[in-house]
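Heads up, the thing below is written out as structure tokens.
In full-length UniProt numbering, the protein residues as written are 1 to 145.
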């Protein structure tokens, strides 16, 4: 089938957002280190989150490679982020609006910092905030058959 599953769409969205979350953590770590007298615990917590994000990006790339998914282009626009991808030889794209990016990026940040994000989930919304809200990091398994 040439249509990504809901889980693969969620993974594509996460793949697009994670580099921005990584950049935000890096910026925040520098600001916190400069602003507090004992930056070690804060910097270490953020570094662990950054390490987990980097690991998840690697896992996502591996899954995409094994599943015939390629992200061709991610472009920041005035309205948000536009991503073009190939899914099993089928070209497609999606757009994430700035307001959604802010909310979902913050949810991802909270999750990677170890917070239980289930209290932020609204089950009455289709997809939306429920996409990243299970409180756990994604474990990917590439189908190698």
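Each residue gets a CB set at the ideal place from its N, CA and C atoms; glycine is no exception.
Contact defined as beta carbons within less than 8 Å: I believe residue i pairs with residue j. What is the distance between those atoms, to the nearest angstrom?
i          : j          : result
residue 43 : residue 29 : 5 Å
residue 50 : residue 22 : 6 Å
Between the Cα of residue i and the Cα atoms of the options, which residue gives the shortest distance?
i           : options           : result
residue 103 : 64, 68, 121 and 2 : 121
residue 100 : 14, 3, 7 and 6    : 14
residue 113 : 47, 19, 40 and 17 : 47
residue 8   : 56, 58 and 67     : 67
residue 25  : 89, 76 and 106    : 106
Using a 10 Å radius around the Cβ and a threshold of 16 neighbouring Cβ atoms, would you call residue i buried or exposed?
i           : result
residue 95  : exposed
residue 73  : exposed
residue 83  : buried
residue 117 : buried
So what's residue i in DSSP terms, helix, strand or just coil?
i           : result
residue 83  : strand
residue 123 : coil
residue 75  : strand
residue 13  : helix
residue 30  : helix
residue 6   : helix
residue 19  : helix
Opposite residue i in the DSSP bridges: which residues?
i          : result
residue 93 : 84
residue 69 : 87
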